[in-house]
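What follows is a short report on a single structure.
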Amino acid sequence: MTYYAFYQNGVSVSNPNISDLSQYPDIEYFVKEEYSVHGYAKYTTVDAKGLPVPLKIGGFELRDVGYVSYVSATKQYPFTITICETRLNNVFPVTLYGTNAVSIYPGLVVPFLNLLNEHGSYLSYKQSLEVERLHNKVNSLTKQLEECRSRI
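By this note's numbering, the letter at position 30 of the sequence shown is numbered 30, and the numbering carries on one by one without gaps.
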């Protein structure tokens, strides 16, 4: 078992003993890394005593990071995380892509929680993705129309 202490800038320090890590100043959050008997890594956000706590940003919290059976320095792998929109008690899975399981916290999870918090709700976030998709589709169709008109 290994514990990681993360600073706000995403830098982490690791140690097998969380009491050693809790002595560092200005730690934002801790992550515990455990391995199953099959070699799958499990990552859990914990407090300074090693007890599980959700990682909260605004009205959203990370409830779970699924088991991970791979680690790579270069190849992107999917990670399924479970997020809760606390105001509505709406729990939903999200798939993010990263290279190293521990690095998804500062590199993907925290920025994603911040993005959700900026939108105010998961529904608003999903709608903004749809608006962006439709905007790109309109631009593509406009280009095709202009190309067709230029051929005439």
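Built from N, CA and C at the ideal position, the CB exists for glycine as well.
Being a predicted model, the structure only gives us computed values, none of them experimental.
An exposed status is given to residue 148, since fewer than 16 other beta-carbon atoms sit within 10 Å of its beta-carbon.
Under DSSP, residue 84 takes part in a beta bridge, and its partners are 61 and 91. Straight-line measurement puts the Cα of residue 138 at about 41 Å from the Cα of residue 43. Relative to the Cα of residue 82, the nearest Cα in the group 65, 89 and 88 belongs to 65.
Per DSSP, residue 122 is one residue of the alpha helix (DSSP H) stretching across 122-151.
When the Cα atoms are used, residue 57 and residue 117 turn out to be separated by approximately 7 Å. For residue 113, the secondary structure class from DSSP, reduced to helix, strand or coil, is helix.
Residue 31 is positioned such that its CB atom lies closer than 9 Å to that of residue 12. Relative to the Cα of residue 52, the nearest Cα in the group 18, 77, 39 and 145 belongs to 18. Each residue's CA atom was taken as its position, placing residue 92 and residue 151 some 48 Å apart.
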